[in-house]
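K.L.:
Numbering (my numbering), first residue to last: 309 to 632.
Ideal Cβ placement from N, Cα and C applies to all residues, glycine included.
Note that the structure is predicted; figures quoted are calculated from it, not measured.
Mind looking over this structure? Questions follow.
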């Protein structure tokens, strides 16, 4: 009889993409039945993943689906979130639990005192370390992103230029976003139109850029779903992005990208992940700032009121060499 395993990861886009190697390897190596619980707003991110057999979600409280989860009689639970809510769910389910080292103390040391004791290891590899007792090994295939086979994206792609770059406007926090001034600098350094994608919060930013540079920017912020935006990325020549969920989708789709880092740093272990297969990306950082990193997540505005981690980024045609 197949083992039934519940993965806990409530949010967000990028974090869910980063658990896809775990779902795949558990399914393929243990022949297990994989379930996933997320917040309702993120259920679609891995909705087409063939390695996950059942998706559970809730709007406000895990109690909404607790009885249904209990009725599944899981053999074990793998907590890939590790917060108060996931701890509560673990207690209520009363099943064997596997988890991982979240290294929050080391991140705090880095943010508060700039003391770097963090392991030189990606989050995905730390996930696999937590599963050693299950004898599950990383297959080295990197991240997954799957499209709905019943949806045709041709109309969207055909509306775009034959060769284009994707510019990702959005990020979970302002101090991760590439600011307006840097997008203005960037447009003079690329040879192809830049298709802007983002959420509703980025609509005005996209409109302003398209209005200022009608031959350079094509604004689609707030117009497409996550999956439709991923299809635009899949057909792009290159992607320019901050540290955000679309960065991880780009890595899963193995598209070349330039990543501009604001208040966060690659050393936190959440940079583009490709497994053992080579991927093409370049990190851009303003090094040796005494205030960076200021947070493992981000802020609605720069705590120092200068935003130097982004505003001092140098964007030139050489830096954005399309051959990378």
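How would you label residue 473, buried or exposed, when you count the other beta carbons within 10 angstroms and need 16 or more for buried?
P.N.:
It is buried - the Cβ of residue 473 has at least 16 other Cβ atoms within 10 Å.
K.L.:
How big is the Cα-Cα spacing for residue 334 and residue 519?
P.N.:
48 Å
K.L.:
State the Cα-Cα distance for the pair residue 558 and residue 535, rounded to the nearest angstrom.
P.N.:
12 Å
K.L.:
Who pairs with residue 546 in a beta bridge, going by DSSP?
P.N.:
Partner(s): 473.
K.L.:
Which residues mark the beginning and the end of the alpha helix (DSSP H) in which residue 369 is found?
P.N.:
It is not in any alpha helix (DSSP H) - residue 369 carries neither H nor E in the DSSP assignment.
K.L.:
With a cut-off of 8 Å on the beta carbons, I'd call residue 468 and residue 505 a contact; round off their distance for me.
P.N.:
Wrong, their Cβ atoms sit about 11 Å apart, outside the cutoff.
K.L.:
Relative to the C-alpha of residue 390, which residue among 414, 316, 328 is closest?
P.N.:
316
K.L.:
To which residues does DSSP link residue 406 through a beta bridge?
P.N.:
386
K.L.:
From residue 494 to residue 623, what distance separates their C-alpha atoms?
P.N.:
6 Å
K.L.:
Expressed to the nearest angstrom, what Euclidean distance is found between the alpha-carbon atoms of residue 503 and residue 375?
P.N.:
45 Å
K.L.:
Give the secondary structure of residue 354 by DSSP, where H, G and I count as helix, E and B as strand, and everything else as coil.
P.N.:
It is coil, neither helix nor strand.
K.L.:
Given this structure, state the Cα-to-Cα distance separating residue 437 from residue 387, to the nearest angstrom.
P.N.:
13 Å
K.L.:
List the DSSP bridge partners of residue 633.
P.N.:
In the structure as shown, the chain begins at 309 and stops at 632. Residue 633 is therefore absent and cannot be evaluated.
K.L.:
Give a yes or no on whether the C-beta atoms belonging to residue 575 and residue 428 are separated by under 9 Å.
P.N.:
yes
K.L.:
Within the same chain, show all residues whose beta-carbon is closer than 8 Å to that of residue 533, passing over the 5 residues directly before and after it, in chain order.
P.N.:
352
K.L.:
Between 512, 513, 470, 611, which lies nearest to residue 501 when the distance is taken from Cα to Cα?
P.N.:
The shortest CA-to-CA distance from residue 501 to any of 512, 513, 470, 611 is the one to 470.
K.L.:
Can you tell which of 442, 577, 537 has its C-alpha closest to the C-alpha of residue 340?
P.N.:
442
K.L.:
Given residue 464, which residues of its chain have a CB within under 8 Å of its CB, disregarding the five upstream and five downstream residues?
P.N.:
Excluding sequence positions up to five before and after residue 464, its CB lies within less than 8 Å of the CB of 532, 536, 539, 540, all in the same chain and listed in chain order.
K.L.:
Run through DSSP, which three-state label would residue 276 get?
P.N.:
Beyond the ends of the chain as shown, which are 309 and 632, falls residue 276; an answer cannot be given.
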